[in-house]
Each structure stands twice: as structure tokens, then as C-alpha cells.
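**Student:** Have a look at this one.
Numbering (the working numbering), first residue to last: 1054 to 1693.
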């Protein structure tokens, strides 16, 4: 079964309400104070079922300017419009503004209806029909059906229902989605139920027993009952007008403008929102150009929020123009990319335009920044792959959590994974526990920075394998969490850019390579260590004699010899050549052919050395596992 929401627009005296009552055989679901002085001040909600089981919810939009922003309440799931025009009057100026808003909200399917046909001649009826067709063509550049109806006799109602059935058949219905989202537009008390709330489901579904979260306060409560137009149901879906009885909800705990959602759907609400703004074309010149940083009223869902409009690509936005804007809001909103909004002036409040949310929770942007504007264009009009990449590029470090991207873009995680090809515009990093998306541009910028940093490091320290991970992170990766740092390095290693060995990072092709001068120093150090195998020259003396006051150079040489296996640093100041260690092993092994144990004194005599050198050497052999110390004696390990 499919559901769709129909926005009903037209002048207040053109029998909109009477038409809806005749079509649906029901009174509107409105606020108790909805009728004031004969003028409908609130939205009216009606519903009907079409042949085949598909359902429609009609939203009767109020006709006066001061109530105009109420149309945005159903915009999240509104897909069809019904333009109602009285045959005796034709299209009214306010109706034109209503249809401008329908167009801004991206509602491109609909039908025109002529009412009060009993009061006009057939010639006049044809004139109004042509007027409606021409008017809709001027907005959408295509033709729409127009149906004449009589509320009094019922003529034309069946034909109107058939037109809606055709639209529903052609409409590619969206899946409800896994996440429930409902802006609250009505709060009231009902005997035996307490505080009850209503709204239109923008996405997902809801059932009794579900745990839902109310935001912005982030309170989780259980749904007791679900009602749709007076009928108690076991499940309501996207596009339906829903009333919820929520256990433990108090009237003071919720306000119009709040959102009911699947817990955790919106983790962080937004006060900075990027969007495309379209200012109404104004032939009467009553709309002034919008200035940069002008104070505005931002209408989204059921919320009206004050803020300022930062024009990113110009100094003024003139009527009829469109441009990219960053809204700095005074209160947070629960918005997603491609949500629609309406904009009004701060004072006096007048509807001047609206548009599409491109990125909620956006980073602050510099005006006229080409890179930022290109990202906005990609997010707004790009392919799925381009939108995903642009979303990641908008986040710090060019990384966005996969689950967050799925929520923001309203796509399936598997679809997203399938786009993360080797040559795609973004990369999927991480593993089973946590996955992140990174724009390929950001990834290669980081790779290039890392290549430069490591190249400089390798030139500065040609004898070192690379730079320790803990030293590299603050140089290039300080903006990333530790787990993000790890997966970035793993990805670069997987792509053959770097290699990581024992916590040391180097370029893939790098191998320690001494300079000519260093080769001479290496030879001199080895000669010093070989002068007396078991009583080598202390390392402090070698450094002083060979490296003078440049002890760092000496340490570089010794570390290199250790990695190459040519030197063994047994203690801070005692170093042995590997040849000395291997010869000592042979001598000690010969001792154990006729002895079970060996003391330090015995080792000293065997090697012709002193305790100063023998003790560090034996401790090294213990660490290597060649010998095993027990008390004051040592045993030869069996494997030797």
C-alpha cells in the first residue's frame, strides 16, 4: 500500500474545505481553536482511500499571508498539490504565492480543480480552465489535468479521484525507511489518554510499544497507541497523518516544532545549515534584495527559527535569483539534506522564498571560497557518488562515519559500499566494528603531505628505518582520533604508499642507506669494537674520539649497526661487536659440555675479561634466551 500527502492550495473563499469534506466524507483534523471568525487559521487534515488500497492525506493550507508558513508542516512528505480555483473569480494573487511555495518545496505533480461551477457559464468555465493550465505551465513548463467539480451535486468528484489514482500509479513511492521521523504540529489533552501529539510521518513507521525519542530534549519514551484519522492501528507509515499516545509524556515536555524520531537518528542537531535559496520573482517589486548577514525567519518542519543568512557567492540575492547560503540559526533544528524550507523576513514577517537544505551541521565557510562552493554544488546536484564524497569533504579531516552518512543521505549502507570502488570519488576505510568514508581528494592530499614529510625525514635521518608512529601523529594527524589515525595508516600501507614495522612508519620504497661519510664512520666504529672483543672500548669514549661533540650522529650510527645485527648494546656504555657475541657463545657452550652451571667468575676467566664487561654480556645472552640465570649461576638453555 502507498501513501501520499496532497497540499491543497487556493483562496479561502474558493470552497477548498467544502471540496475536501465532499471528497473524504469527513471533517478536518484541526486544532480546537482552528476556526476563528470564519477563517481557517490552522492546517486541516483529511484522508481518503483510492481504488486499489492506496491512501491520500490532504493538507488544507490556510489562505492568509500570516498563516502561510504553516504549509511547510507537511512538506517533508508532500508529493502532490491540488490547486483549487473558484470558477467565478479565477486565480487570486495569494494563490500564486502558494504555488510558488509548492514549487519551492519540489512538489511537481498535481491537479487543478475548478469549484463553484454552478455559478458560471460554460464559456467562463473554459476561460478559467485555460487560465489554470497556463498558470501551471508558466511554473512547471508542462501541462496538468484540470477537473471541474460541484460540491453541491457531487459532479466531477469521481473524475477527480481517478486523476489522483493516475498520479499515484505513476508516483515512484519511496520506501518508508528504517528511521521514523515526525515533526510535531499539534499537542492536546484527551480524556483517559493525557497528552497526545500529532504530525505527518516524514519517514519510517511507528507501532505501539516502540521506543521513540523526542528532540531537542532527547527524551526516550514508549508509544502506547497509534491513531490515523480516528482509527487505532498497529502500524503507521511514511506519508500518513498520525496521532501518538506516548507513555509518560507531559504537555510541558514537548512543544510544536519538536521532532519525534527513532532513538539516535539525529545524534546532533544543527545550528549551521548550508542550503540553496531561491528568492521569489516579484513583478510588483515588493520584495527587496536579501543582503548578506540579514536577519531572517527560517521555517523547517513545524519549527520557526530566527537566524542570519550568509550569502556565500554574492553580496545581494535579488528577486528571482538563486544562490548558495549558510544559515546561522539561533536554535538547533533536526534537518537532513534535501529537506525543504521556507524563508521569511524578520520584521515585518513576509514570505520571500525558500529552498533546499544541502548540508545540516555544516562547518563555517568563507564567502566566495571556490572549493566550498564546488562541494555545495556536488552535494546539491551531484550523483550519489559525488554527494557522498562532498559530504565527507565537508567534515573535519575529510572523514565522516559511515552510519552518519547513511542517515544524512537517506541511502542504504550496502548501496554506499558498492560505490566505494578503487577509482571512485571516495574511499571506505575501517573494518567490521567501525567504518568511515573519506573523500578521495582529502585522502590524496593527506598522502602527498605524508610523502613530503617522510621524504624529508628519510633525507635527514638516512640510517633510520622511519619515524615512530607516536612521533608522526602530531605532525600530520593531530586532527584525527587515534582509531582514525590507525585506519588511515593501514589504508596507506594496503595501497603500497608506506610500510609499518614495529611501530615505525616509512615510505614503501625506503631502505636505510648510509652516505659516504657515514660509511667511513661505521667502519671506524666497528674497528674500535673489534680491537678487544671482550673488553671493548666504552661507547662514551668512542663517541668522544670519533664524533667529538656530535653525540646524535654517534647514536644514529650505533642504532644502524644494531638494526643490521653488527653491534649489540649490552648496557648504556658497553657495546659488543656481533662477532664478539657469537665467539663468546661458542666458548660458553664448550664450557657446558663438562659443566652444568656457570658463574660470572668462570665466564670472566673463560673470556679473559672483567666483571665490568662480562656481566652486561651475560645479561644480554639471558635476554636472547641463550642462557638462563638462577641465583648466582647460569644454565645453558636446552635448545642451544
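Each residue gets a CB set at the ideal place from its N, CA and C atoms; glycine is no exception.
Note that the structure is predicted; figures quoted are calculated from it, not measured.
Label residue 1212 either buried or exposed according to how many other C-beta atoms from any shown protein chain fall within 10 Å of its C-beta, with 16 as the threshold for buried.
**Tutor:** Walking along the chain shown from the start, residue 1212 turns up at place 159. With fewer than 16 other Cβ atoms within 10 Å, it is exposed.
**Student:** I need the boundaries of the beta strand (DSSP E) containing residue 1114, first residue and last residue.
**Tutor:** Taking the first residue of the chain shown as 1, we reach residue 1114 at position 61. Unbroken run through residue 1114: none, as it is neither H nor E.
**Student:** What number of angstroms, rounded off, separates the C-alpha of residue 1454 from the C-alpha of residue 1330?
**Tutor:** Along the chain shown, one-based indexing puts residue 1454 at 401. Along the chain shown, one-based indexing puts residue 1330 at 277. C-alpha separation (whole angstroms): 28 Å.
**Student:** Pick from 1055, 1672 and 1461: whose alpha carbon is nearest that of residue 1223?
**Tutor:** Taking the first residue of the chain shown as 1, we reach residue 1223 at position 170. For the residues 1055, 1672 and 1461, the minimum Cα distance to residue 1223 belongs to 1055.
**Student:** Name the two residues that bound the continuous alpha helix (DSSP H) containing residue 1327.
**Tutor:** The residue labelled residue 1327 in the question sits at position 274 within the chain shown. Per DSSP, residue 1327 belongs to no alpha helix (DSSP H); it is in the beta strand (DSSP E), 1323–1332.
**Student:** Which residue comes first and which comes last in the alpha helix (DSSP H) that contains residue 1561?
**Tutor:** Within the chain shown, residue 1561 is the residue found at index 508, counting from 1. Looking at the DSSP string, residue 1561 is not in any alpha helix (DSSP H), and its letter there is neither H nor E.
**Student:** Smallest Cα separation from residue 1582: which of 1572, 1571 and 1594?
**Tutor:** On the chain shown, residue 1582 is found 529 positions in, with the first residue counted as 1. Minimum Cα distance to residue 1582 is reached at 1594.
**Student:** Straight-line CA distance for residue 1164 to residue 1389?
**Tutor:** Your numbering for residue 1164 matches position 111 in the chain shown. Your numbering for residue 1389 matches position 336 in the chain shown. The alpha-carbon atoms of residue 1164 and residue 1389 are separated by roughly 28 Å.
**Student:** Reducing DSSP to helix, strand and coil, say where residue 1001 ends up.
**Tutor:** Not covered by the structure: residue 1001. The range shown for the chain is 1054 to 1693.
**Student:** So what's residue 1277 in DSSP terms, helix, strand or just coil?
**Tutor:** Counting from one through the chain shown, the residue named residue 1277 turns up at place 224. Here residue 1277 sits in strand by DSSP.
**Student:** Under three-state DSSP, which class holds residue 1102?
**Tutor:** Counting from 1 along the chain shown, the entry for residue 1102 is found at position 49. DSSP places residue 1102 in strand when its eight states are reduced to three.
**Student:** Which class does residue 1238 belong to by DSSP, given the choice of helix, strand or coil?
**Tutor:** Reading the chain shown from its first residue, position 185 is the one you call residue 1238. In the structure shown, residue 1238 sits in a strand (DSSP, three-state: E or B).
**Student:** CA-CA distance, residue 1449 and residue 1268?
**Tutor:** Sequence index remark: in the chain shown, residue 1449 carries index 396 (1-based). Sequence index remark: in the chain shown, residue 1268 carries index 215 (1-based). Those two C-alpha atoms are separated by around 25 Å.
**Student:** Going along the chain, which residues of its own chain have a beta-carbon closer than 7 Å to the beta-carbon of residue 1670, five neighbours each way excluded?
**Tutor:** Counted from its first residue, the chain shown places residue 1670 at position 617. Cβ neighbours of residue 1670 beyond the five flanking positions: 1623, 1629 and 1637.
**Student:** Does the beta-carbon of residue 1541 have 16 or more other beta-carbons within 10 angstroms, so that it is buried, or is it exposed?
**Tutor:** For the purposes of this step, residue 1541 is identified with residue 488 of the chain shown, where counting begins at 1. By the neighbour-count rule (16 or more Cβ atoms within 10 Å), residue 1541 is buried.
**Student:** Apart from the five residues on each side of it in sequence, which residues of its chain come closer than 6 Å, Cβ to Cβ, to residue 1511?
**Tutor:** Here residue 1511 refers to the residue found at position 458 when the chain shown is read from its first residue. Correct list, in chain order: 1563.
**Student:** When the Cα atoms are used, what is the spatial distance from residue 1526 to residue 1379?
**Tutor:** Residue 1526 sits at position 473 when you count from the first residue of the chain shown. Residue 1379 sits at position 326 when you count from the first residue of the chain shown. Taking the straight line joining both Cα atoms gives about 33 Å.
**Student:** Here's a check: name, in chain order, each residue in its chain whose Cβ is nearer than 6 Å to the Cβ of residue 1252, leaving out the five neighbours to either side.
**Tutor:** Working through the chain shown from its first residue, we reach residue 1252 at position 199. Result list for residue 1252: 1235, 1236, 1237 and 1238, in chain order.
**Student:** Would you identify the three-state DSSP class for residue 1603, choosing helix, strand or coil?
**Tutor:** Locating residue 1603 in the chain shown gives position 550, where the first residue counts as 1. If DSSP states are grouped into helix, strand and coil, residue 1603 belongs with coil.
**Student:** Going by beta carbon distance, what residues of the same chain come within less than 8 Å of residue 1532, once the five residues before and after it are set aside?
**Tutor:** By 1-based counting over the chain shown, the position of residue 1532 is 479. The residues are 1449 and 1450.
**Student:** By alpha-carbon positions, which one of 1233, 1371, 1281 and 1332 ends up nearest to residue 1711?
**Tutor:** No statement about residue 1711 is possible, as the shown extent of the chain runs from 1054 to 1693 and does not include it.
**Student:** Could you please give me the residues that DSSP links to residue 1695 through a beta bridge?
**Tutor:** Because the chain spans 1054 through 1693 in this model, residue 1695 falls outside it and cannot be assessed.
**Student:** What does the alpha-carbon distance come out to for the pair residue 1240 and residue 1287?
**Tutor:** Residue mapping note: residue 1240 aligns to position 187 of the chain shown, counting from 1. Residue mapping note: residue 1287 aligns to position 234 of the chain shown, counting from 1. Those two C-alpha atoms are separated by around 21 Å.
**Student:** Contact between the stretch 1656–1668 and the stretch 1603–1616 is defined here as three or more beta-carbon pairs at a separation below 8 Å; is this criterion met?
**Tutor:** No: the two stretches stay apart, fewer than three of their Cβ pairs being nearer than 8 Å.
**Student:** Please go through the same chain and pick out, in chain order, the residues whose beta-carbon is closer than 7 Å to the beta-carbon of residue 1221, but skip the five residues on each side of it.
**Tutor:** Mapped onto the chain shown, residue 1221 falls at position 168. Excluding positions up to five away in sequence, the list reads 1055, 1057, 1103 and 1107.
**Student:** Ends of the alpha helix (DSSP H) at residue 1135?
**Tutor:** Counting from one through the chain shown, the residue named residue 1135 turns up at place 82. Counting along the chain, residue 1135 falls outside any alpha helix (DSSP H), though it belongs to the beta strand (DSSP E) covering 1131–1139.
**Student:** Which of the three DSSP states is assigned to residue 1629 in this structure?
**Tutor:** Locating residue 1629 in the chain shown gives position 576, counting from the first residue. In this structure, residue 1629 counts as strand in the three-state DSSP scheme.
**Student:** Residue 1687: buried (16+ other C-beta within 10 angstroms of its C-beta) or exposed?
**Tutor:** As a position in the chain shown, residue 1687 is number 634, starting the count at 1. Its Cβ being crowded by 16 or more others within 10 Å, residue 1687 is buried.
**Student:** Drop a sphere of 10 angstroms on the beta-carbon of residue 1092, count the other beta-carbons inside from all chains shown, and report buried for 16 or more, exposed for fewer.
**Tutor:** Numbered from its first residue, the chain shown carries residue 1092 at position 39. For residue 1092, the predicted model reports a pLDDT of 29, less than 50, meaning its position is unreliable and no value from the coordinates is stated.
**Student:** Considering only residues of the same chain and omitting the five flanking positions on each side of residue 1210, which have a CB-CB separation below 8 Å?
**Tutor:** Taking the chain shown and counting its residues from 1, the one referred to as residue 1210 is at position 157. 1075, 1076 and 1202, listed in sequence order.
**Student:** Taking the alpha helix (DSSP H) that residue 1440 falls in, what are its first and last residues?
**Tutor:** The residue you call residue 1440 lines up with position 387 of the chain shown. It spans 1437–1446 - the alpha helix (DSSP H) in which residue 1440 sits, taken as one unbroken run.
**Student:** Based on the DSSP output, what are the partners of residue 1187 in its beta bridges?
**Tutor:** Indexing the chain shown from 1 puts residue 1187 at position 134. BP columns for residue 1187 are empty, so no partner.
**Student:** My parser needs the beta strand (DSSP E) runs of 3 or more residues fully inside the stretch 1513–1573; what are they?
**Tutor:** Counting only runs of 3 or more, we get 1551–1554 and 1557–1560.
**Student:** Going by C-alpha distance, which of 1134, 1263 and 1466 is nearest residue 1193?
**Tutor:** The count along the chain shown starts at 1 and reaches residue 1193 at position 140. Closest option to residue 1193, Cα to Cα, is 1134.
**Student:** Got a sec? Which residues, its chain only, sit under 6 Å from residue 1401 by beta carbon, not counting five neighbours each side?
**Tutor:** Here residue 1401 refers to the residue found at position 348 when the chain shown is read from its first residue. Closer than 6 Å at Cβ, skipping near neighbours: no residue.
**Student:** So if DSSP puts residue 1690 in a beta bridge, which residue, or which two residues, is it bridged to?
**Tutor:** The count along the chain shown starts at 1 and reaches residue 1690 at position 637. Answer by DSSP bridge pairing: none, since residue 1690 is not bridged.
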